[in-house]
Every structure is written in C-alpha cells, then in structure tokens.
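Visitor:
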Amino acid sequence: MQVSLAEQSSREVNPQMAVDLVNRLRPLMRQIPTHSDLMREVSETDVEAWYGAQGLDREDVDALQRSAFLSGLPNPTGSFMNNALQYIVSPWVNYATGNPWAGAGIGFGTAAIAAPMNALQQSAVVTLCESLRERHGPVIVPDKKNINDRHWLPELSKALEHEVVQFSALHDRMRATLAEHGIQASLGGPPDAVLAALSGLTREARQELHLQARQWLDSEKKLHKTHGEFMMTQGAHERQWMGNRWQFVPRTLRSPAASLLGLVGKSGAARVLPPTLQVVASLMLTAAQHVAAGFDERAKQEYNNVLNLLYGQFFTASGADKLARGQPLDADDIDTAKLRGFISMPMQSLVKRVSAEVERQVTTLRGLLADRPPAAGQGETDSRASDQAALAGMENDATLLREGRLSELDPDGLAQSLLLASEKSVLSEQLWRDLVAKYTVKEFSAQTAQRLGQAFHLGVFGSAASSIIGKVTSAASGGTRQAPVAQTVGVSVLSGVMAAIGASNQHTAISVKNNRREGEVDVGLGKQVLRGVMGGLSESLAQRRGSRAGQDMKALLAQDQIGNLLGFVKLLNQQLSAEFDVAPETLSLSEAGRVLGPGHASAAGATEIVIEMDQDQATSGTPLTASSHPPVSDR
3 MQVSLAEQSS REVNPQMAVD LVNRLRPLMR QIPTHSDLMR EVSETDVEAW YGAQGLDRED
63 VDALQRSAFL SGLPNPTGSF MNNALQYIVS PWVNYATGNP WAGAGIGFGT AAIAAPMNAL
123 QQSAVVTLCE SLRERHGPVI VPDKKNINDR HWLPELSKAL EHEVVQFSAL HDRMRATLAE
183 HGIQASLGGP PDAVLAALSG LTREARQELH LQARQWLDSE KKLHKTHGEF MMTQGAHERQ
243 WMGNRWQFVP RTLRSPAASL LGLVGKSGAA RVLPPTLQVV ASLMLTAAQH VAAGFDERAK
303 QEYNNVLNLL YGQFFTASGA DKLARGQPLD ADDIDTAKLR GFISMPMQSL VKRVSAEVER
363 QVTTLRGLLA DRPPAAGQGE TDSRASDQAA LAGMENDATL LREGRLSELD PDGLAQSLLL
423 ASEKSVLSEQ LWRDLVAKYT VKEFSAQTAQ RLGQAFHLGV FGSAASSIIG KVTSAASGGT
483 RQAPVAQTVG VSVLSGVMAA IGASNQHTAI SVKNNRREGE VDVGLGKQVL RGVMGGLSES
543 LAQRRGSRAG QDMKALLAQD QIGNLLGFVK LLNQQLSAEF DVAPETLSLS EAGRVLGPGH
603 ASAAGATEIV IEMDQDQATS GTPLTASSHP PVSDR
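The numbering used here numbers the first residue of the sequence shown as 3 and each following residue consecutively.
1) Kindly confirm or deny that the segment 319-326 and the segment 113-120 touch, where touching means at least three C-beta pairs closer than 8 Å.
2) Could you check if GLY492 is buried or exposed, using at least 16 other CB atoms within 10 Å of its CB as the buried criterion?
3) Note down, one range per segment and in chain order, each alpha helix (DSSP H) of at least 4 residues found wholly within the segment 493-573.
4) Straight-line CA distance for GLY314 to LEU341?
5) Under the three-state reduction of DSSP, which class applies to ILE336: helix, strand or coil?
6) Taking the alpha-carbon positions, what's the GLN214 to MET176 distance?
7) Are there three or more Cβ pairs, one per stretch, closer than 8 Å when the segment 453-460 is compared with the segment 528-546?
8) With C-beta atoms as the reference, is GLN576 less than 8 Å away from GLY504?
9) So what does DSSP say about VAL443, is it helix, strand or coil?
10) Beta-carbon within less than 7 Å of SER12's beta-carbon, same chain only, minus the 5 sequence neighbours each way: which residues are those?
11) Considering only their Cβ atoms, is the gap separating VAL356 from LEU420 smaller than 8 Å?
12) So for ILE34, helix, strand or coil by DSSP?
13) Buried or exposed for LEU411, please, with buried defined as at least 16 other CB atoms from any protein chain shown within 10 angstroms of its CB.
14) Beta-carbon separation of VAL166 and ALA551 under 8 Å?
15) Should the segment 244-252 be regarded as contacting the segment 525-532, the criterion being three or more beta carbon pairs within less than 8 Å?
16) Using DSSP bridges, identify the partner residues of PHE317.
17) Which value, in whole angstroms, describes the spacing of the CA atoms of GLN88 and PRO276?
18) Please report the straight-line C-alpha distance between PRO376 and GLN363, rounded to a whole angstrom.
19) Buried or exposed, going by whether 16 or more other CB atoms sit within 10 Å of the CB of GLU157?
20) Use the C-beta contact count for PRO625: other C-beta atoms within 10 angstroms, 16 or more gives buried, fewer gives exposed.
21) Apart from the five residues on each side of it in sequence, which residues of its chain come closer than 7 Å, Cβ to Cβ, to ARG137?
22) Can you give the Cα-Cα distance for ILE185 and ILE142, rounded to whole angstroms?
23) Which same chain residues end up closer than 7 Å to ASN507 when comparing Cβ atoms and leaving out the 5 residues on each side of it in sequence?
24) Under 8 Å between the Cβ atoms of GLN432 and SER424?
25) Ordered along the chain, which non-local residues of its own chain (more than five positions away) have a Cβ less than 7 Å from that of LEU40?
26) State the CB to CB distance for the pair ARG489 and THR475, rounded to an integer number of angstroms; the pair is presumed to be in contact (CB under 8 Å).
27) So for ILE90, helix, strand or coil by DSSP?
28) So HIS1 and LEU162 are supposed to be a Cβ contact under 8 Å. How far apart are they, rounded?
29) Checking 8 Å against the spacing of the C-beta atoms, do GLN124 and SER513 come in under that value?
30) Nearest-angstrom Cα distance between SER81 and LEU72?
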C-alpha cells in the first residue's frame, strides 16, 4: 500500500500544458459576461489537454469516467421508498380494498413524510456513492475554497449590478474632474503637457484627483472580483444541473404514466391488470432513473474537472499575482502540488478517509480525557494510563498517515485495521464509520429542507402535488373506471407538466442546501425551505439580472474611451501616489503622548501614525496604529 500511495502521490504533471490553457482561457473572464459564454470557449481538446496536464492518460480518464458512472447508479435509492409507496403500494391498496380513497390516503401520507424519510436515507446513499467512486478509479477533487455555493445568487447578481453602476458613475466623475482641470486622457499615458498640468494644480486639487483615481481603480477591481464570483457561482449551479439532467425524464414520466395506465381498467380488462401495469411502469422508470443517474454523475464529475481549470487556484504566489494583473504566466508559476491535488487516486482517497476517521477518534479521546475527573483509585489510574497510551498511539498513526508512511503504522491499531478492511471491500468498517459521521442534526436538517423545496417547488410544481393529483381526482370520481377519459388524460398531462417543472429545478434546491452549508451564516431550516420552494423563480430572475449586468459590464469595458482612460488613470495614480502615499510616521509611546494632541501635524501626506511600545510598556509587542484623515491642505 505504501508503494502504491507513493506512486500516486508523486504522479507526474505537466505544468506547461496547464499554463497554455490558463493563458488562453483565464483572460477571457474579463471579457465574457457569463459562465455559459466562457464554457463555450472550452473545447473537447482543451478538456483532454487539462487531463494530461494533471498527469492522467487515456486509461486513467476511462477509469475516472467508469467509476463516476458506477457510483451514480445507486443514487436514486434515496427516494425509492417514497416512489414505492406512491406508485407500487398505492395502486395495490386500491385494488385490494376497492376504495380509491384508500390509495389516495397512501399518497397523501407519503407526500407528508417524504422529505424526512428521503433525507434519512440520502446521507447513507451519498456516502456509499462517494466510496464507490473513490474505490474504482481516480476522482476529481473540486477546489472548494474557490468553487462553491458560498454566495446566494440573487444577492450576488444584485451586487454585480450595483458594481457596474458604481464603476460607471465613478468613471463619469473621473472624466468630469479631468476635464475641469483641462487634462485630456491619451492612449500613451500622461505626457509632459499633462505632467505640467498636474504641477500647475493646487495640492488640494491634486489630492482630490488622486482620491478619485484610487476610488475608480478600486471600483474596477471590485467589479472584476464580483463578476468572477458571479461566474463561478453560475458554474457551481450548472454543475448541479449536470448532475440531474438525464434523470429529468423518468422523474417527469412517473406520475402521468401511472395515471394513464389506470385507463386500462375502462377496457373491461381484469381489475388486476391496471395496478400490475402501473407497478411494472414504475419499476421500469426506476431502473431508467438509476442508469440516468450514472450518466449524470459522470457528467457532474467531468464538469468539476472543467471548473477546476476555469476557477481553481493552482498557482504559486507570484503566479497568482501575475494572473490578477492580467499578465501571462510561465510554467514556473504553476504550483505542481496543487495541480496534482485536483485528482485523487484510489489509494490516496482511502488514506484520506482513514486519516479523517483517526483524527475524529483522536479528538473524541482527547475530549474524554480532558473531561474525566482526577483518578480516585488504582483502577481509574490504570484506565487513564491505558487511554493516554491509546491516544498517543492514534496521534502517532495520524501523523504517519499524513506523511504517507503506512508501513510504520501500528499493526494492531485502528488505522491499519481500517486500511486493510477497506482495501478488500467497499462494505467495510470504514464505510460504516463514514455513515455515522455523516448523520448530524445540521445535515439531516439541510437534507430535509432540500426535499421539502423539491416536493413543494413553487407550491404545486413539485413531486408532492404531481404524485397525488391523479389519485385525488380519480377518487373524487369514484375511481379510474368511473372517471371520464378526458378528465384522466387532462390530469395526466397536468401532472406531467407539474412534474417536469419540478424535475427541471431539482438542482436549485441542491444549490440552496449547499449555500446553507458553505455560506458565512447558517440561514436555518425555515429560510432554506423558503428558498428551495422559490428556487426556480429566484434562480431564473437572478441569472437574468446578473447576466444583464455582465453584458453591461462588457459593453462598458469594451468602449475605447474607458479603456484609454483606465490606462491613463493607472499611470496618473502612480504619479500622484509618489506624492501622497507616505509611509506611516513612527513614534515611541512617550513621543506619542507628547505630540498627539491638538495642533499636531503628521508628516505631509501621512494617513496613519504607528506607536511602538517595548515589553515594559505593553503586554503585547504588536504596534498600535492610530489612523487619521489625510491632510487636505499644506499645513
């Protein structure tokens, strides 16, 4: 295992291939309004080259795609109980009782408990899917720090719109101020005549010009930052759609198929035939959904790979700085460890999971020892010593796992036993421990809220209403045999439309859940449910608003006069910064006490004063900084 881990951890990557892609694609983010526009610039050849840059050959890529497909197959299991009650149990209850309201009651009851019931299963299903994917091939490791759902898209689109307006307003003010002083921006920067014009201005006018220049340039930076976050968040949302795209079909057809097959009873066929056909159709659609889920998971993982290319951080500090300034990168600007980290090979994934479990046990045991009262007798002393020895052993194993020294693990320790068992079978103690760790109150709350949002999407356009509308209307007419054909067909079409709208917005509820997990503030169960229910509408409006703001930004920056003025103001800012950006004035504590009073004038242009204290004057060696407003006149 150690040899395999070492080989996988030192996999060769190709930074030159990576930098070629970065230099072509990353600059487009400043010119393209939306993520979908950027994705159109990424070709299949680029994707293959990106795999190669990360050190994967064709065989590795095939294994990655195959493992992703296999891991997606069990995913619909999380909702099987709900579907079984609605589309298998309910028809047979109708048949057995001869009372259509009995089946409708099953439908109502199932819809009422579906969200927590599915949430209870889903955490286990997700953990199993992840383990299957990691076991059978390489996996994509998304850069969660830079690719996430931390931002709430409606708020982000509003912020982008605000930044575009702010940038435009500051541009107009900057241009008016320059014109007021008789300074004309030129493509070549400030010539001698402009420098002469600057020198002819009063200090107050030059300082105001400097302030406006900095504000406009800061606005430009904030505009690009907000736009980048908007595009990244669009990509994160699109990833969830890619993970649900093919399942749209069976999710949409399940309810209308059950209603239409009930019409078979009107043909005079045996009463047992309609429920039998409904069950067969439900099972066939369930099987189709499992296959579709495999393709969806594969597409989602491939999308994660492209997101890492477009938004991931795999640069050295100097490379990141050059990228921020819009300069082309060299191969040396690629951090090969970060680039390699976007792909996790099977042994790396296994060691990572075992390492996480050992760390959890270390944390738990430390807490138990810290909370344990002092030993009262020899027995308790021996017990504490035993636990301390176990803790020391696990801490040592945790260090060895982090360093990849598997051959030095305690042969009788937890880490070694988990590694050996997990290598033999995916159904291992490690999987069980991962399942237990996954079941937290917050996770259950988030999963339940997600499913409430999906079930009651926009109130009636979700799985709940679409699954029971046929049962209720049929029962109200005395059963399918008595219901008019036109009614049954019409309700079937209606339920299909409702199911289609809900199925096409499954991903929005997932994005809402992820936003609650990853956002700076936990919005709570109620707000997550509300956002999930309104997800399709709010997503559509936010996408439209943000895309329009992105188009406005593109149009602004494409104007020659703005581009020329930006270049001019950057040079102007450099010129004026030399005059006004003065280093802080440094004083001792006694000097500060003497001079920091009414009438004290700091060094010309200084915006802050640093007070230095030695160890006898303060308990902390950290300098105190007293900020003051910049001077507005020659004092």
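Just so you know, even glycine gets a beta-carbon here, dropped at the ideal spot from N, CA and C. It should be emphasised that the depicted structure is a prediction, and the values quoted were computed from it without experimental measurement.
Guide: To lay it out plainly:
1) no
2) Counting from 1 along the sequence shown, the entry for residue 492 is found at position 490. The residue in question, GLY492, is exposed, as its Cβ has fewer than 16 Cβ neighbours within 10 Å.
3) 508-520, 526-535 and 537-560
4) Within the sequence shown, numbered from 1, the residue matching residue 314 stands at position 312. Within the sequence shown, numbered from 1, the residue matching residue 341 stands at position 339. Using only the alpha carbons, I get a separation of about 9 Å.
5) Translated into positions along the sequence shown, residue 336 becomes position 334. Strand.
6) Stepping through the sequence shown from its first residue, residue 214 is reached at position 212. Stepping through the sequence shown from its first residue, residue 176 is reached at position 174. When rounded, the distance between both Cα atoms is 6 Å.
7) yes
8) Here residue 576 corresponds to residue number 574 of the sequence shown, with the count starting at 1. Here residue 504 corresponds to residue number 502 of the sequence shown, with the count starting at 1. Cβ distance not < 8 Å, so GLN576 and GLY504 don't count as in contact.
9) Locating residue 443 in the sequence shown gives position 441, counting from the first residue. Helix at VAL443.
10) On the sequence shown, position 10 is the one that residue 12 refers to. Closer than 7 Å at Cβ, skipping near neighbours: no residue.
11) If you number the sequence shown from 1, residue 420 lands on position 418. If you number the sequence shown from 1, residue 356 lands on position 354. Going by C-beta atoms, LEU420 is nearer than 8 Å to VAL356.
12) Along the sequence shown, one-based indexing puts residue 34 at 32. In this structure, ILE34 counts as coil in the three-state DSSP scheme.
13) Position 409 of the sequence shown, counting from 1, holds the residue named residue 411. LEU411 should be labelled buried.
14) Working through the sequence shown from its first residue, we reach residue 166 at position 164. Working through the sequence shown from its first residue, we reach residue 551 at position 549. Taking 8 Å as the Cβ cut-off, VAL166 and ALA551 qualify as a contacting pair.
15) no
16) Position 315 of the sequence shown, counting from 1, holds the residue named residue 317. The partner list for PHE317 (beta bridge, DSSP) reads ILE336.
17) Here residue 88 corresponds to residue number 86 of the sequence shown, with the count starting at 1. Here residue 276 corresponds to residue number 274 of the sequence shown, with the count starting at 1. Rounded to whole angstroms, GLN88 to PRO276 spans 15 Å at the Cα level.
18) Here residue 376 refers to the residue found at position 374 of the sequence shown. Here residue 363 refers to the residue found at position 361 of the sequence shown. Computed Cα separation, rounded: 22 Å.
19) Against the sequence shown, residue 157 aligns to sequence position 155. When all chains shown are included, GLU157 counts as exposed.
20) Position 623 of the sequence shown, counted from the first residue, corresponds to residue 625. Residue placement at PRO625 is flagged as unreliable, the pLDDT there being 44, under the threshold of 50; a coordinate-derived value is accordingly withheld.
21) Along the sequence shown, read from residue 1 onward, the residue named residue 137 stands at position 135. Contacts found: PRO348 and VAL428.
22) For the purposes of this step, residue 185 is taken as residue 183 along the sequence shown, with counting starting at 1. For the purposes of this step, residue 142 is taken as residue 140 along the sequence shown, with counting starting at 1. The alpha-carbon atoms of ILE185 and ILE142 are separated by roughly 54 Å.
23) If you number the sequence shown from 1, residue 507 lands on position 505. The residues are HIS459, GLY537 and GLY538.
24) Within the sequence shown, numbered from 1, the residue matching residue 432 stands at position 430. Within the sequence shown, numbered from 1, the residue matching residue 424 stands at position 422. Against a cut-off of 8 Å, the Cβ pair of SER424 and GLN432 comes out as a contact.
25) On the sequence shown, position 38 is the one that residue 40 refers to. So the list reads LEU30, MET31, ILE34, MET233 and LEU312, once near-sequence residues are dropped.
26) Residue mapping note: residue 489 aligns to position 487 of the sequence shown, counting from 1. Residue mapping note: residue 475 aligns to position 473 of the sequence shown, counting from 1. A small fix is needed here, since residue 489 is Gln in this sequence, not Arg. The Cβ separation is near 7 Å, so the contact holds.
27) Counting from 1 along the sequence shown, the entry for residue 90 is found at position 88. Looking at ILE90 - three-state DSSP - the assignment turns out to be helix.
28) No answer is possible for residue 1: the residues shown for the chain start at 3 and end at 637.
29) Taking the sequence shown and counting its residues from 1, the one referred to as residue 124 is at position 122. Taking the sequence shown and counting its residues from 1, the one referred to as residue 513 is at position 511. No, Cβ-Cβ distance for GLN124 and SER513 is not below 8 Å.
30) Numbered from 1 along the sequence shown, position 79 holds the residue referred to as residue 81. Numbered from 1 along the sequence shown, position 70 holds the residue referred to as residue 72. Near 18 Å, if we compare the C-alpha coordinates of LEU72 and SER81.
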